[in-house]
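Numbering follows my numbering, with no gaps: position 6 of the sequence shown is 19.
The beta-carbon is built from N, C-alpha and C at its ideal position, and this holds for glycine as well.
Small disclaimer: the values here were computed from a predicted structure and weren't measured.
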Amino acid sequence: MNPQPPQDADAAAPGPSAGSSAAHDTTASGSAGPEAVAAYLDRIGAERPARADAEALHALQLRHLMTVPFENLSIHLGEEIVLEEQALLDKVVNRGRGGFCYELNGAFAVLLRALGFRVTLLQARVFGDGGRLGIPYDHMALRVETEDGTGPWLADVGFGDHALRPLALDDRAEQEDPRGVFRFRAAPQGDLDLLRDDSRQFRLDLRPRVLADFRAGAWYHRTSPDSHFTRSLVCSRVTDTGRVTLSGRSLVTTVRGERHSTEQATDAEVLAAYRDHFGLRLSRLPEVHERRDIPHK
């Protein structure tokens with residue numbers, strides 16, 4: 014994934030073809046049992062919805078964005094990133110961590126399926142400088158169907174500073190969101206380009222995928238010197254009034270559109286910022302290295 018880093022600093026090798034593992038049933042129930050679902054809902058401060066409808070999906074996405082940070086710290090802590098459902102649930106729920114798109118949307122998909130939503134994993138390529146597209150499997154997003162027959166929806170809790178609400182996938186009109194005006198536009202080969210305020214965000218491939226298909230993209234973004242994730246530290250989440258981000262030692266908050274930046278002078282202050290603003294209790298600081306090659310699973 015090359016999910017877009019927060020547009021405000023304060024605000025986050027191709028896989029198999031559709032004819033291989035992507036042909037598997039991607040809407041089956043996830044691996045989260047009742048206790049795991051209850052723990053996940055507690056983690057994001059949400060009640061179990063009575064029905065898997067659009068209103069519940071909207072509420073769950075917002076609670077996720079406000080409580081589970083978009084962060085790339087595992088890359089700089091030397092931790093493995095394992096794209097398996099139980100490993101993702103353990104990291105997000107049991108260890109109280111965040112992650113980048115593959116982890117956040119991968120875990121969110123498990124929760125949504127356990128609550129009765131029908132979820133399909135989709136791959137996307139992110140538009141970079143000059144409109145150049147990133148690698149295949151650059152980003153993971155979710156196609157979600159609800160019991161009330163609305164949608165289908167594009168749900169995404171792993172693209173940094175992005176839409177707070179799910180977006181209607183079949184709607185080609187402008188869709189207003191607190192983070193801007195979003196619109197889907199037809200792209201070559203049946204894909205869709207997602208625009209935010211007329212700026213292209215990513216190109217979405219509508220063919221269903223499975224979690225294992227994203228391993229090559231995840232490996233690239235945690236090892237390649239060309240990935241911005243290997244070159245910098247970021248930890249960011251939505252707040253009631255805007256966004257809070259810790260980038261290296263800079264703590265940046267947005268309050269109703271107004272930005273404030275504070276430098277954390279000591280290691281202890283940085284660790285306290287991770288704890289107090291993101292709920293991350295780290296025993297040591299992550300460190301950016303030129304390159305870190307870690308075997309992927």
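According to DSSP, is residue i helix, strand or coil?
i, result
"R185", "coil"
"G164", "coil"
"D66", "coil"
"Q202", "helix"
"T8", "Residue 8 falls outside the range modelled here, since the chain spans only 14 to 310, and no answer is possible."
"P47", "helix"
"T80", "helix"
"R145", "coil"
"A35", "Here A35 scores only 34 on pLDDT, less than 50, and its place in the model should not be relied on; the value that follows carries that caveat. Of the three classes helix, strand and coil, the one that applies to A35 here is helix, per DSSP."
"G91", "coil"
Cα-Cα, which of the options is closest to residue i?
i, options, result
"R126", "V157, H152, D226, N107", "V157"
"D55", "L124, E187, F195, F172", "L124"
"R272", "E68, A285, T258", "T258"
"I88", "E189, G162, H241", "H241"
"W232", "C114, A49, H77, Q99", "C114"
"G292", "I94, E93, V105", "V105"
"I394", "Q74, P191, E116", "In the structure as shown, the chain begins at 14 and stops at 310. Residue 394 is therefore absent and cannot be evaluated."
Do residue i and residue j have their CB atoms nearer than 8 Å?
i, j, result
"N118", "M79", "no"
"G193", "R178", "no"
"F121", "L155", "yes"
"S249", "R256", "yes"
"E84", "G111", "yes"
"A72", "A59", "yes"
"F227", "L135", "no"
"F215", "A137", "yes"
"L224", "E92", "no"
How would you label residue i, buried or exposed, when you count the other beta carbons within 10 angstroms and need 16 or more for buried?
i, result
"R235", "buried"
"R198", "exposed"
"V301", "exposed"
"P3", "Residue 3 lies beyond the range of the chain shown here (14 to 310); nothing can be said about it."
"T266", "buried"
Just checking my contact of residue i with residue j at CB under 8 Å: how many whole Å lie between their CB atoms?
i, j, result
"P62", "T133", "That belief does not hold up - the Cβ atoms of P62 and T133 are roughly 20 Å apart, past 8 Å."
"R262", "Q277", "5 Å"
"V139", "D151", "5 Å"
"A67", "G164", "6 Å"
"R213", "D206", "5 Å"
"T275", "L264", "5 Å"
Taking CB distances under 8 Å as the criterion, tell me whether residue i reaches chain B.
i, result
"L70", "The structure shown contains no chain B, having only a single protein chain."
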